[in-house]
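Okay, so the sequence shown: first residue is 30 according to this note's numbering, each after it adds one.
All C-beta atoms, glycine included, are put in the ideal place defined by N, C-alpha and C.
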Amino acid sequence: MKFRTLDELLQLCEAENKSISEVMIENQAEESGRLAIDEFAQMKQYYEVMKEAVHKGLTENTQSRSGLTGLDAQRVMKVVEEGTPALGGEAGRAMAYALAVSEVNASMGRIIATPTAGSCGIIPGVFISSQERFGWSDDALVKGLFCAGAIGYVIANNSFVSGAEGGCQAEVGSAIGMAAGALVELHGGTPRQAVHAVGLALKNTLGLICDPVGGLVEIPCIVRNGFGAVTALAAADMALAGVRSVIPSDEVIQVMYEVGTSMPEKHRETAKGGLAMTPTGKKIMDELSKR
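Right, dumping it as structure tokens:
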């Protein structure tokens with residue numbers, strides 16, 4: 030890749046008068062040795078999987094094998110359709126879609142890890158609900174995935190996207206930043222605004238631990254995907270309104286790395302701390318061990 034930081038990515042965009050997605054598509058094709066059109070076609074297939082996961086999560090039985098989770102997306106969607114969500118319909122829909130994909134993952138369905146399975150619902154939740162709201166084409170959303178991918182590439186190479194390495198801030202936080210930056214581009218914002226959205230989003234999840242109850246990607250992972258989708262919408266709106274990340278986004282990414290490396294091991298996907306070690310969490314783990 031011709032960039033390693035968000036600042037370098039931004040400089041490329043501004044020097045070549047291109048969007049983040051355009052720069053990423055070109056760089057991806059160059060690195061893979063494949064035609065840009067082939068890279069685009071593959072990403073389009075990934076987007077179809079995301080749409081299928083949303084549909085499945087809203088219409089089929091998503092009870093997990095553990096029995097701990099399932100069907101919450103459908104419960105939230107019922108409230109959205111009844112017109113009574115406190116969030117409002119559009120944010121509520123994004124939240125429901127994010128929950129749907131995450132529940133499909135927990136029930137052993139097919140998802141796209143963006144950037145991980147534990148955070149797989151955030152980008153589909155934001156993208157698909159926004160597409161329905163604004164009437165964007167599939168091709169526009171696929172370009173958005175390349176924009177999200179560029180952001181994820183920078184985060185992965187300068188910090189973490191793995192909960193085992195850096196806590197949930199690395200999984201859910203990264204997905205929120207990726208979704209927020211891409212949504213800014215989809216709305217016609219500048220690359221600079223998209224980069225600010227990343228910093229705004231990541232700041233809000235710094236220090237978030239990874240504490241899966243029973244070691245399963247279910248509690249609290251699924252609900253964090255729902256909350257994450259809403260946070261991404263907020264970060265994108267702030268950036269589009271002209272709100273800046275006063276701490277440069279690359280520096281925020283570095284802070285995420287520093288926080289992750291100093292985080293106790295028990296708070297990094299070991300199920301030895303946080304919610305996993307509450308009385309109820311321990312009870313659940315004990316019951317699971319007896320099955």
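**Prompt:** Closest to ALA265 by CA distance: which of GLN283, ALA226 and GLY303 is it?
**Reply:** It is ALA226 whose Cα lies nearest to the Cα of ALA265.
**Request:** Name the one or two DSSP bridge partners that ARG297 has.
**Result:** Paired residue(s): CYS239.
**Request:** Can you grab the Cα-Cα spacing for the pair LEU128 / SER191, in whole Å?
**Result:** LEU128 and SER191: Cα-Cα distance of roughly 20 Å.
**Request:** Please classify ALA115: does DSSP put it in a helix, a strand, or coil?
**Result:** Of the three classes helix, strand and coil, the one that applies to ALA115 here is coil, per DSSP.
**Prompt:** CB GLY271 to CB LEU212, shorter than 9 Å?
**Reply:** Between GLY271 and LEU212, the gap from beta carbon to beta carbon reaches 9 Å or more.
**Request:** Give the single residue among CYS239, ASN254, ASP167 and VAL224 whose Cα lies nearest to the Cα of TYR75.
**Result:** Measuring from the Cα of TYR75, the nearest candidate turns out to be ASP167.
**Message:** Would MET72 and ILE152 qualify as a contact pair, given that the criterion is a beta-carbon distance under 9 Å?
**Reply:** For the 9 Å CB-CB criterion, MET72 and ILE152 do not form a contact.
**Prompt:** How about CYS149 and ALA199: do their beta carbons lie closer than 9 Å?
**Reply:** No; because the gap between Cβ atoms is not below 9 Å, this pair is not in contact.
**Message:** Just to confirm, is the Cβ distance from CYS250 to SER136 under 9 Å?
**Reply:** Taking the C-beta atoms as reference points, SER136 is found no nearer than 9 Å to CYS250.
**Request:** Put GLU247 into one of helix, strand or coil per three-state DSSP.
**Result:** For GLU247, the three-state secondary structure derived from DSSP is coil.
**Prompt:** How long is the line joining the alpha carbons of LYS85 and SER318, rounded to whole angstroms?
**Reply:** Roughly 29 Å between the two C-alpha positions.
**Request:** May I ask which residues mark the beginning and end of the alpha helix (DSSP H) holding CYS176?
**Result:** Counted as a single uninterrupted DSSP element, the alpha helix (DSSP H) harbouring CYS176 occupies residues 167 to 187.
**Asked** So what does DSSP say about CYS149, is it helix, strand or coil?
**Response** Here CYS149 carries a coil assignment [DSSP, helix/strand/coil].
**Item:** Burial state of LEU64 (16 or more Cβ within 10 Å)
**Value:** So LEU64 counts as exposed.
**Asked** What's the C-alpha gap between VAL288 and LEU235?
**Response** Whole-angstrom Cα-Cα distance: 7 Å.
**Message:** Let me confirm a value: THR20 is counted as buried when at least 16 other C-beta atoms fall within 10 Å, else exposed. Which label applies?
**Reply:** The question about residue 20 has no answer here: the residues shown for the chain are numbered 30 through 320.
**Request:** Count the other C-beta atoms from every protein chain shown that fall within 10 angstroms of the C-beta of PRO308, then say buried if there are 16 or more, exposed otherwise.
**Result:** Exposed, because fewer than 16 other Cβ atoms sit within 10 Å of the Cβ of PRO308.
**Item:** Beta-carbon proximity check, ALA208 vs LEU38, cutoff 9 Å
**Value:** No; because the gap between Cβ atoms is not below 9 Å, this pair is not in contact.
**Request:** Provide the residue span of the alpha helix (DSSP H) that contains PRO220, from first to last.
**Result:** Unbroken alpha helix (DSSP H) run through PRO220: 220 to 232.
**Request:** Closer than 6 Å by C-beta to ASN134: which residues in its own chain qualify, once you throw out the five before and the five after it? Chain order, please.
**Result:** ILE140, ALA146 and CYS149, listed in sequence order.
**Request:** Identify whether ALA305 lies in helix, strand or coil by the three-state DSSP scheme.
**Result:** Three-state result, ALA305: helix.
**Item:** Burial state of PRO220, where buried means 16 or more other Cβ atoms lie within 10 Å
**Value:** PRO220 should be labelled buried.
**Request:** Provide the residue span of the alpha helix (DSSP H) that contains GLU369, from first to last.
**Result:** For the chain, the structure presents residues 30 to 320; residue 369 sits outside this window and is missing.
**Prompt:** Pick from SER291, ALA193 and LEU215: whose alpha carbon is nearest that of SER159?
**Reply:** Looking at the Cα atoms, LEU215 is the closest of the given residues.
**Request:** Would you kindly check if the distance between the Cβ of ARG33 and the Cβ of VAL275 is under 9 Å?
**Result:** Not in contact: VAL275 and ARG33 (Cβ atoms no closer than 9 Å).
**Message:** My output table needs one value for ASN254: the three-state DSSP class, helix, strand or coil.
**Reply:** Assigned with DSSP and collapsed to three states, ASN254 falls in helix.
**Own chain, CB closer than 6 Å to ALA258, minus 5 neighbours either side, in chain order** = If the five residues before and after ALA258 are omitted, its C-beta is found closer than 6 Å to the C-beta atoms of ALA123, MET124, ALA127, ILE151, GLY154 and VAL155, all from its own chain and listed in chain order.
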